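Letter 362 of the sequence shown, counting from 1, is numbered 372 in the working numbering, and no numbers are missing.
Cβ atoms here follow ideal geometry from the backbone N, Cα and C, with glycine treated the same way.
Values in this document were obtained by computation on a predicted structure and should not be read as measured data.
Written out below as structure tokens is the structure these notes cover.
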Amino acid sequence: MDYLSMIGFNGLVAILSFCTTSLLLTLMGRESYGEIVSLTSTTLFLAMLGTDWTTQAAVRYGTEEFLSQGRINRFFWNRLWIAFAGVLVVILISPIWGYFLENYIGLTSQGLAFILCYLPSQVYWMHLQRIMPAINHHRLLYPLLFVERAVVLSLISVLYMTGYLRISYILPGYVLGSIIAAVVATWLARREIGRPRRPDWATCHKILQFSWPMIPTVAIGLLSTNTLDYLIIRRYVGKAELGVYALAVQIAGMVQQIPQVAGQLVGPRFVAMRLKNDTSGLTHFIQKKVTPALWAWSICCILGSILVSWQGPNWIPAKYMILTDLVWPLAAVTSIVPVWYIVWSPLLTAYEQVRVVMWSSILTGAVNLSANLILIPRFGVVGSAWATVLAYSGACLLPEFANRKSKSTDFPQPEKSLMIYSMGVLIILSALSLLM
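See the structure below:
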């Protein structure tokens, strides 16, 4: 029921996001939308850089505190102080990265002001999103995301009807949306998070000790995010193509939410089974339930990509026709990432194998950056999509090799078919992209 509820509201969130994108593309054009994408994605990039390195600790220790005490007061506030310290560092060095973005993508002073205003509210909102699964508030997360998207879409509609539809007026809507969603989430989870408390240095030390390997992981792993793709595309291809690529990524992201939601649900379950030392139960769950579901998922992705490639030219507008070329690499990514979301990320977190996560993220970021720099100047946005495929394939394969090499009896052993699955899907979709 949690899963169905989250998928239902996630569908509504996806529809609102798609409506916002379509409305902005129609009313303002591809270049203006590309500018908005650049600024919002850069803010998210900085927010993740400052806070995401403690996300694994949120799943591990947040779930443990909630299971033992029925609340998460100590971990919630201490992780928040660490997150805000990261935000402070990002703001203090803003002259450095601001100068780089000004010369690399033409960031204006207005754009920099928006990023600095959006960053604190987005960090707090992201902190709440990471905590929700640990306190069994899965069903609240996507309704709150719906509220955030609804605020943005409502503001855009009002600006259009009043004749003030400009980028400078649209951007504050993203700040307002995150603030409203965060305030509502804080109120709904007030019993679990309790009143604000001063930093507890013992808890902070515990979080930092667990999370320090994730600092280079996140820093380099962010090189595999869409934000980096957007910056390089804007540099070499232009804002108009960036707008179309962002639309394609958003459509793929809507589909990828299905395995992402599943990963959020299995994460706390893996931690609970780990605390019970139920290794055989975990192994059985992965081998007999997750693996068959992954194969069924890949078949759906392949059939869907064939349908879009076949019928797409009949109903996609000419200026967006490149979407038919993007369907193959995006389908490959959509097929492969569930291996990470549902199996390796929650499993490695539950068993505190953060160093394997670190090396997977480093590999993913390095492959994505180098492949983007090689492929985008030559193949444009299609090259960026295939770079993402290569990056996430590496992320899924490295833990498999590390697990087989260690031969640990205390760690669940997924079937070898997971490796065959990742490589098989990649080969099939690559061949189809050349044939169709």
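- Using a Cβ distance threshold of 8 Å, G121 and L49 count as a contacting pair.
- Our two residues, I332 and G322, have alpha carbons roughly 10 Å apart in a direct line.
- Between the beta-carbon of Y255 and that of V391 there is about 4 Å, and that keeps the pair under the 8 Å contact cut.
- Spanning the alpha carbons of N83 and G253 requires a straight line of approximately 41 Å.
- In the DSSP annotation of this structure, G248 is not part of any alpha helix (DSSP H), being labelled neither H nor E.
- Segment contact: the stretch 376-386 against the stretch 401-411, three or more CB-CB distances shorter than 8 Å; contact assigned.
- With respect to the C-alpha of G96, the residue from L218, R365 and T293 having the closest C-alpha is L218.
- Annotation for L34: Y43 place their beta carbon closer than 6 Å to its own, counting only its chain and skipping 5 residues before and after.
- Sequence-distant partners of L163 (beyond 5 residues in either direction) whose C-beta falls short of 8 Å from its own C-beta, in its chain, are L26, C29, T30 and L33.
- In the displayed model, I332 falls within coil according to three-state DSSP, outside both helix and strand.
- By the criterion of a C-beta distance shorter than 6 Å, W354 is surrounded in its chain by P409, once the five residues flanking it on both sides are discounted.
- In the DSSP assignment, V353 falls outside any alpha helix (DSSP H), carrying neither H nor E.
- In this structure the stretch 166-180 does not lie against the stretch 110-119, because fewer than three pairs of beta carbons, one per stretch, are closer than 8 Å.
- If you draw a 10 Å sphere on the C-beta of P130, you find 16 or more other C-beta atoms in it, and that means buried.
- Annotated three-state conformation of P105 is helix, per DSSP.
- If you ignore the 5 residues before and after A195, its C-beta comes within less than 6 Å of the C-beta of L138 and L154, all in its own chain and listed in chain order.
- Within a 10 Å sphere around the beta-carbon of A212 sit fewer than 16 other beta-carbons, which makes this residue exposed.
- When the beta-carbon positions are compared, I125 and T52 come within less than 8 Å of each other.
- Between W91 and P209, the C-beta gap is smaller than 8 Å, which places the two residues in contact.
- A check of alpha carbon separations from M368 across G291, D62 and Q267 identifies D62 as the nearest.
- Around the beta carbon of M38, 16 or more other beta carbons lie within 10 angstroms, which makes this residue buried.
- Here the alpha carbons of I141 and G80 stand approximately 13 Å from one another.
- The straight-line gap separating the alpha-carbon atoms of Q266 and G204 is approximately 33 Å.
- V161 has its alpha-carbon roughly 11 Å from the corresponding atom of V168.
- The Cβ neighbour count for V343, taken over all protein chains shown within 10 Å, is at least 16; the residue is labelled buried.
- For Y128, the enclosing alpha helix (DSSP H) stretches over residues S119 to I141.
- If you draw a straight line from the Cα of I268 to the Cα of L313, it comes to about 17 Å.
- By a beta-carbon distance limit of 8 Å, S319 contacts T334. Their separation comes to about 6 Å.
- Closest option to G248, judged by alpha-carbon separation, among E41, A262 and S290: E41.
- In the three-state reduction of the DSSP assignment, I177 falls in the helix class, which pools H, G and I.
- With a 10 Å radius around the Cβ and a threshold of 16 neighbouring Cβ atoms, Y174 comes out exposed.
- About 3 Å separates the Cβ atoms of A381 and A397, confirming a contact at the 8 Å cut-off.
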